[in-house]
Amino acid sequence: MSTFTVDDPYEYAYGLNNYHESESIPGANPVDCIHPQRNLANLYPDRISGSPFTISRSQNKQTHFYRTLPSTSATQYTEWKPKSKVPDLKLSNLQFKPIPYMFRPEDIDENDDFLTGLRVLAGVGDPAMRKGLAYYIYAAGKSMPDNQVFTSSDGDLLIMAQRGSLDIRTEMGPLRLRPSEIAVIPRGVRFHVSVVEGPIRGYIAETFLNHFELPELGIVGSSGLANPRDFQIPRLQPYTPGPDTEIINKYCGELFTATMKGTVFTVVGWHGTSFPFKYDLGKYCTMGAISYDHADPCIWTVLTVKSDVEGTAALDVLAIPPRWVVHEDTFRPPSFHRNVASEFIAILKGSLDGKNNASGIATIYNGMVPHGPTRPEWETGISEEQVPVRISDDNMLVMFESR
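Residue numbering for the sequence shown follows full-length UniProt numbering, beginning at 1 and increasing consecutively.
In structure tokens:
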């Protein structure tokens, strides 16, 4: 597991794909009947669905809330026009070129918060049609206003921290996110981001199609890669009344605002199968070639998003973690290649070669764009003594492979 400079004070449940529940008031979750005529203390039953009702049981994503005020206790949405800058998160301004891209570490404006410091890096598709994905970077020096939350109606968000630590307070409980951890926030869930140890910087992948889920293990067996037991699910904290809250909603790439009567964190009980979660990439059980040759990078898949083509992912989230490199009679660096998939690589810490520090750099190789080792890397790869090499704990990379 990873070593952190900041502790995590929150309590969690464990296990991805389980049916989870949490309550901050004993008895808030009713027994037997989901919608009793009258709940404890006249709580309002509410619900968020992440899938069609009739999808297979294993894919069904539904969660029931019990709140002190219903989610409808808000004004109508209007276009968000703040006095500060408005982040442009639309995909329509992106250009598509068959060239490699490299992004230097994003400069951090201490006056930005998570939302105002958010910008789109890449993407494809249309959230209105529930097809495609988008990649973003966030860079911020301060917390969001206490009475402001963000939500995306377009897709599930996978957030990974590259620098600094942040608290993500969701309707279902808080998560602390630190470098080398990832968190997933389901579509429609409202959340607030505060800086714990700043400044903060990181990346986000948003899927407009399906959900982030564990890949099938096949002949790997019953365990390995990212184990379900290592995923952490938030638990509710005691309910505290608060002032009216501004909700910023990303809808089809545009930003809208509404005002909630009081705090949005009115959930005192919930149960279901759609919930936020986080995972420490340092717990990833790496697989790979231990005799000769290379395994395909899909062997490093942490989470996957299924496409509408059987056996094909719309998006794979891969970890390239500390590990041993031991294969013999093999050119060890990545070879020259052109992929049907587009590759986005974010260096959370360390570097691609395990030698030179490149923390915070990201690259994109679009489909069929040739890429591979540099000339010095090639010369080293064909001449180096092939002894076991340890890629140190100071390295952690994440790669997104997408159609």
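Backbone N, C-alpha and C define an ideal beta-carbon position, used for all residues, glycine too.
Beta-carbon contacts of residue i that lie in its chain and below 6 Å, excluding the five residues immediately before and after
i	result
residue 387	none
residue 204	136, 157, 159
residue 44	67, 70
residue 29	21, 23, 269, 271
residue 31	none
residue 368	338
residue 346	203, 362, 398
residue 280	1, 2, 181
residue 197	6, 164, 165
residue 252	127, 128
residue 53	none
Helix, strand or coil at residue i according to DSSP, with G and I counted as helix
i	result
residue 259	strand
residue 142	coil
residue 398	strand
residue 160	strand
residue 393	coil
residue 285	strand
residue 41	helix
residue 367	coil
residue 185	strand
residue 299	helix
residue 128	helix
residue 32	coil
residue 3	coil
residue 328	coil
residue 317	strand
residue 167	strand
residue 119	strand
residue 133	strand
residue 362	strand
residue 305	strand
residue 8	coil
residue 415	Outside the modelled stretch of the chain, which goes from 1 to 403, sits residue 415, for which no answer is possible.
residue 279	strand
Close Cβ partners of residue i (< 8 Å) along its chain, the five nearest in sequence each way excluded
i	result
residue 131	125, 208, 209
residue 74	247, 258, 259, 260, 261
residue 78	256, 257, 258
residue 9	176
Cβ-based neighbour list, residue i, same chain, cut-off 7 Å, excluding 5 preceding and 5 following
i	result
residue 244	147, 259, 260, 261, 262
residue 224	217, 285, 287
residue 237	24, 173, 174
residue 264	149, 171, 190, 245, 247
residue 39	30, 45, 66
residue 116	84, 85, 87
residue 340	367
Residue i - containing beta strand (DSSP E), residue span
i	result
residue 424	This structure cannot speak to residue 424, because the chain is shown only from 1 to 403.
residue 250	245-251
residue 337	Per DSSP, residue 337 belongs to no beta strand (DSSP E) and is neither H nor E.
residue 272	267-272
residue 151	148-152
residue 347	342-349
residue 387	Neither: residue 387 is in no beta strand (DSSP E) and is coded neither H nor E.
residue 323	323-325
residue 22	20-23
residue 275	Premise fails: residue 275 is in no beta strand (DSSP E) and is neither H nor E.
residue 12	12-14
Span of the alpha helix (DSSP H) around residue i
i	result
residue 173	Careful: residue 173 lies outside any alpha helix (DSSP H), inside the beta strand (DSSP E) at 173-177.
residue 380	375-383
Interface flag, residue i vs chain D, CB-CB below 8 Å
i	result
residue 21	Any reference to chain D falls outside this structure, which holds one protein chain only.
*Any contact of the segment 261-280 with the segment 186-198, i.e. 3+ C-beta pairs under 8 Å?*
Touching, yes, given that three or more Cβ pairs across the two stretches are closer than 8 Å.
*asked:* Restricting to runs no shorter than 3 residues, where is the beta strand (DSSP E) found entirely within the segment 43-117?
replied: List check, beta strand (DSSP E) in window: 44-49, 62-67, 101-103.
*Specify whether the segment 120-138 and the segment 199-210 touch according to this definition: at least 3 beta carbon pairs, one from each stretch, less than 8 Å apart.*
Contact holds: three or more Cβ-Cβ distances are below 8 Å.
*State whether the segment 131-142 contacts the segment 102-116, with contact taken as three or more CB pairs (one from each stretch) at a distance under 8 Å.*
Output reads yes: the segment 102-116 touches the segment 131-142.
_Segment contact, 8 Å Cβ cut-off, at least three pairs: the segment 62-77 with the segment 321-329_ = The count of Cβ pairs closer than 8 Å, one atom from the segment 62-77 and one from the segment 321-329, stays below three, leaving the stretches out of contact.
*beta strand (DSSP E) runs contained entirely in the segment 210-250, provided each spans 3 or more residues*: The segment 210-250 contains these whole beta strand (DSSP E) runs: 232-234.
_Validate contact between the segment 90-110 and the segment 291-308 using beta carbons, cut 8 Å, 3 pairs_ = Remark: fewer than three beta-carbon pairs, one from each stretch, lie closer than 8 Å, so the segment 90-110 and the segment 291-308 are not flagged as touching.
*Are the segment 166-179 and the segment 331-340 touching, with three or more C-beta to C-beta distances below 8 Å?*
Contact fails: fewer than three Cβ-Cβ distances are below 8 Å.
*Given 8 Å, three or more beta-carbon pairs between the segment 361-374 and the segment 307-317*: No: fewer than three Cβ pairs fall under 8 Å.
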